[in-house]
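Working notes, beginning with the structure itself.
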Amino acid sequence: MDNENKPSAAARRQFLADTARMACGVGLLGLGVGLYARHAKALPPAAIRPPGALPETEFSAACIRCGLCVRDCPFDILHLAKPEEPMSTGTPYFVARQLPCEMCEDIPCVKACPTGALDHSLKDINKSKMGLAVLVDQETCLNFLGLRCDICYRVCPVIDKAITLDRQVNVRTGRHTHFIPVVHSDHCTGCGKCEKACPTEVASIKVFPLYMAKGQLSSHYRLGWVEKEKAGGSLVAPDVEHRYNMPEGMKYESGKGLSPSAPADAAPGSAPGSTSGLPRAFQGGKL
Amino acid sequence: MNATLKTSATRPGVEAIAAKGWLAAHKWLFLRRSSQVGILLLFLVGPWFGIWIVKGNLNFSYTLNFLPLTDPYVILQSLLARQVPEKLALIGVTIVVLFYLLVGGRAYCSWVCPVNLLTDFAYWLRVRLGLKGSAHISRPTRYWMLGMTLVAAAVTGSIAWEMVNPVSMMHRGLIFGLGLAWAVLLAVFLFDLFVMRHGWCGHLCPVGAFYSLIGRYTLTRIKLPAREACNDCMDCFAVCPEPQVIRPALKAIDGTPPLILEANCTNCGRCIDVCSKDVFAFGTRFNKVVNSVEPVTGVPQAAPK
Chain A
10 MDNENKPSAA
20 ARRQFLADTA
30 RMACGVGLLG
40 LGVGLYARHA
50 KALPPAAIRP
60 PGALPETEFS
70 AACIRCGLCV
80 RDCPFDILHL
90 AKPEEPMSTG
100 TPYFVARQLP
110 CEMCEDIPCV
120 KACPTGALDH
130 SLKDINKSKM
140 GLAVLVDQET
150 CLNFLGLRCD
160 ICYRVCPVID
170 KAITLDRQVN
180 VRTGRHTHFI
190 PVVHSDHCTG
200 CGKCEKACPT
210 EVASIKVFPL
220 YMAKGQLSSH
230 YRLGWVEKEK
240 AGGSLVAPDV
250 EHRYNMPEGM
260 KYESGKGLSP
270 SAPADAAPGS
280 APGSTSGLPR
290 AFQGGKL
Chain B
1061 MNATLKTSAT
1071 RPGVEAIAAK
1081 GWLAAHKWLF
1091 LRRSSQVGIL
1101 LLFLVGPWFG
1111 IWIVKGNLNF
1121 SYTLNFLPLT
1131 DPYVILQSLL
1141 ARQVPEKLAL
1151 IGVTIVVLFY
1161 LLVGGRAYCS
1171 WVCPVNLLTD
1181 FAYWLRVRLG
1191 LKGSAHISRP
1201 TRYWMLGMTL
1211 VAAAVTGSIA
1221 WEMVNPVSMM
1231 HRGLIFGLGL
1241 AWAVLLAVFL
1251 FDLFVMRHGW
1261 CGHLCPVGAF
1271 YSLIGRYTLT
1281 RIKLPAREAC
1291 NDCMDCFAVC
1301 PEPQVIRPAL
1311 KAIDGTPPLI
1321 LEANCTNCGR
1331 CIDVCSKDVF
1341 AFGTRFNKVV
1351 NSVEPVTGVP
1361 QAAPK
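Chains as they are written, first to last, in our numbering: chain A, 10 to 296; chain B, 1061 to 1365.
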């Protein structure tokens, strides 16, 4: 305006101002979108991805939100996330307590996925890892209370592998057995049937996304017994046989306790078979 | 809905209706609305009536379990987020890119995209209510938007734009359930109505910006076989959602041939409808290409009211 005699300078200034405005505006929007996307990368605990879903960080890059998996699910358990739901808009999930995965043998949802966000190399539904069942509340689990509810164990499609009933003494009554449901992560597919079927008002066993349900040992941890088996023998120097300093004429055997030395190697002077001088506790370990 | 326009002599298209009759003056508009609504219905008869012709949405669809169609823009974002899709999606991309190379890149915007129904309605209402004034954002902003979405995909390692993209939100929402997406769509509608003329589709939408890149090499283009007959009624400028694309070809600026090669022409055909002198027609990019001057992007020019 003031530079009417220098239109090119004014035009340049205008151009720079426009460009800066545009870049700032779009940049701010981009920042918002980026933060929103970051924020939504962690899957909420109740949302379980369909079988074969890539790990969440890769899934949000591979899933193009087309909904083909939703369409090809014969049991209509899958939904696409709506914008207000706390995960990537338009991505598929199911809620186990509402409708669990029926674990179709031909896995139609995975076949339908055009991008491989649901991994096509998954051929055996029993190998899927949608999530992991966790017995979240021992205070409300009926089996923990001493009943034979067993429903989670019975409905499990991988019965006796994914959930086993481990017997423990019911200390409260002193004469009954607790049948404790124990989930095994190497067999649990995370289908959510147990959560759906759990009869308590709020499910006592729940399926969570793996990142929530699973712990992890530090990478330097080694399990001695596993390493021993792998190596075919102890990896440390073999134990030196323990030597006891016994009173004269006595010997010690594991599980039996102290006993007089056998006559053959008995010290001279001791009466063979004589145990009268010993306390009861040392007599064969039987109390 | 544009039928009401003829009630006012100042509205564009009146001359054309007088010269060609109402039907001929709305031919492409009618076909275009049929296409937009028809495509939407093809997606909807599945969930509504259980007639599964097309499954999916505009990001990826599978027609009769035979024809895969993939949005190349979403796949580009996926690639930038370092994920390579399976073969089916890539076949779909190829088909879609070839298709839009034939019919016009931004034909996606005017013939397919459901948001266009919304923003066209906003523009129609804007004219009806006599709302003047418009915020100024230059048209190339959409390329910044496009760049931003691609950077966001690469930086976050996810298809970040899909979380807020009104285009897929609307289409997916109509088919799979809207949720709060209606609020986003209302915002786009109100923005176009009160804040900015042709705001979303004409200035900001990165999806349109992406398809305009295909539009640079598109076969089907608007030709102007009778530009000498132009009587400067300005009706074409008034109806065109990207009026800057018309002027060079119509006024032979810098020796531009009578052919609209601008990437942002959406091939909507509205200019053909409203011209009483039949200046415009659909043709190919090889119609009378004498000395093709192809600007890189639509340079913002004073768009006539």
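Glycine residues also receive a C-beta, built at the ideal position from the N, C-alpha and C atoms.
In this text the structure is predicted, and so the values were computed from the model without any measurement.
Beta-bridge partners of glutamate 238 of chain A, as assigned by DSSP:
For glutamate 238 of chain A, which the question treats as bridged, DSSP gives no partner whatsoever.
Pairwise C-alpha distance: leucine 1253 of chain B and leucine 1185 of chain B:
7 Å
Roughly how many whole angstroms lie between the Cα atoms of valine 1097 of chain B and cysteine 1169 of chain B?
13 Å
Do glutamate 1302 of chain B and glycine 1237 of chain B have their CB atoms nearer than 8 Å?
no
Taking any Cβ of chain B, which residues in the stretch 55–87 of chain A have a Cβ under 9 Å from it, in chain order?
Leu63, Thr66, Glu67, Phe68, Ser69, Ala70, Ala71, Cys72, Ile73, Arg74, Cys75, Gly76, Leu77, Val79, Arg80, Asp81
Residue-level contact to chain D via CB, alanine 1269 of chain B, 8 Å cutoff
In summary, chain D is missing from the structure at hand, where the protein chains are A and B.
Using the Cα positions of alanine 275 of chain A and arginine 252 of chain A, report the straight-line distance between them to the nearest angstrom.
With a pLDDT of 43 at alanine 275 of chain A, under the threshold of 50, the predicted position of this residue should be treated as unreliable, and no value is reported.
Cβ neighbours of serine 1272 of chain B in the same chain (closer than 7 Å, five flanking residues each side left out)
Gly1165, Arg1166, Ala1323, Asn1324
Segments of 4+ residues assigned as alpha helix (DSSP H) that fall wholly inside the stretch 174–239 of chain A
Counting only runs that start and end inside the stretch 174–239 of chain A, the alpha helix (DSSP H) elements of at least 4 residues fall at 202–206, 219–222.
With a threshold of 7 Å on Cβ separation, who are the neighbours of lysine 1116 of chain B within its own chain once the five nearest residues in sequence on each side are excluded?
The residue you asked about is not lysine; residue 1116 of chain B is glycine in the sequence shown. Excluding residues within five positions, the ones whose Cβ falls inside 7 Å are Tyr1122.
Can you tell me whether histidine 88 of chain A is helix, strand or coil according to DSSP?
Three-state DSSP puts histidine 88 of chain A in a strand.
Interface positions of the stretch 1207–1221 of chain B facing chain A (Cβ-Cβ less than 7 Å), listed along the chain:
Met1208, Val1211, Ala1212, Val1215, Thr1216, Gly1217, Ser1218, Ile1219, Ala1220, Trp1221
Is it a yes or a no for the stretch 195–211 of chain A touching the stretch 131–142 of chain A, going by three-plus beta-carbon pairs under 8 Å?
yes
Would you mind listing the alpha helix (DSSP H) stretches within the stretch 1220–1252 of chain B that are 4+ residues and don't spill past its ends, in chain order?
1226–1236, 1241–1250
Near proline 1308 of chain B, which residues of its chain fall below 6 Å by C-beta distance, leaving aside the five closest residues on each side in sequence?
Thr1316
Using a cut-off of 7 Å between C-beta atoms, extract the partners of aspartate 27 of chain A located in chain B.
By Cβ distance, chain B contributes Ser1198.
Report back the beta-carbon spacing between glycine 1217 of chain B and threonine 28 of chain A to the nearest angstrom; my notes put them in contact at under 8 Å.
About 28 Å separates the two Cβ atoms, so there is no contact after all.
Are serine 137 of chain A and proline 53 of chain A close, meaning C-beta to C-beta below 8 Å?
no
Enumerated in chain order, which unbroken segments of the alpha helix (DSSP H) with a length of 4 residues or greater are wholly contained in the stretch 72–128 of chain A?
77–81, 117–121
Inter-residue spacing [alpha-carbon to alpha-carbon] between lysine 1337 of chain B and proline 1107 of chain B
45 Å
For tryptophan 1204 of chain B, which residues in chain A fall below 7 Å Cβ to Cβ?
Met31, Ala32, Val35
May I ask which residues mark the beginning and end of the beta strand (DSSP E) holding asparagine 1117 of chain B?
1114–1117 is the extent of the beta strand (DSSP E) around asparagine 1117 of chain B.
Listed in chain order, which residues of the stretch 1284–1313 of chain B have Cβ atoms closer than 7 Å to some Cβ of chain A?
none
Count Cβ pairs between the stretch 87–100 of chain A and the stretch 1232–1247 of chain B that sit closer than 8 Å; are there 3 or more?
yes
Could you pull the start and end residues of the alpha helix (DSSP H) that tyrosine 261 of chain A belongs to?
Going by DSSP, tyrosine 261 of chain A is part of no alpha helix (DSSP H) but of the beta strand (DSSP E) stretching over 259–262.
Residues of the stretch 86–111 of chain A in Cβ contact with chain B at a cutoff of 9 Å, in chain order, please.
Only those residues of the stretch 86–111 of chain A whose C-beta falls short of 9 Å from the nearest C-beta of chain B are listed: His88, Leu89, Ala90, Lys91, Pro92, Glu93, Glu94, Ser97, Thr98, Gly99, Thr100.
At the 8 Å Cβ level, is glutamate 1075 of chain B part of the contact set with chain A, yes or no?
no
Meets three-Cβ-pair contact criterion under 8 Å: the stretch 1210–1224 of chain B and the stretch 1277–1293 of chain B:
no
Please state the DSSP three-state secondary structure of isoleucine 1371 of chain B.
Outside the modelled stretch of chain B, which goes from 1061 to 1365, sits residue 1371 of chain B, for which no answer is possible.
Looking at the structure shown, is phenylalanine 153 of chain A part of a helix, part of a strand, or coil, going by DSSP?
Coil, per DSSP.
List the whole-angstrom C-beta distance separating valine 1134 of chain B from valine 1248 of chain B, where the pair is believed to meet the contact cut-off of C-beta under 8 Å.
About 19 Å separates the two Cβ atoms, so there is no contact after all.
Closer than 8 Å, CB to CB, is alanine 51 of chain A near chain B or not?
Interface residue (Cβ-Cβ distance to chain B less than 8 Å): alanine 51 of chain A is not classified as such.
Kindly list, in the order they appear in chain B, the residues whose Cβ is closer than 9 Å to that of tyrosine 220 of chain A.
At a C-beta separation below 9 Å, tyrosine 220 of chain A has no neighbours in chain B, since its nearest C-beta there lies roughly 16 Å away.
When you compare each of A:Lys170, A:Asn179, A:Gln177 to valine 192 of chain A by their alpha carbons, which one comes out closest?
A:Lys170
Any beta-carbon of chain B closer than 8 Å to the one on proline 166 of chain A?
no
In three-state terms, what does DSSP make of isoleucine 1332 of chain B?
helix
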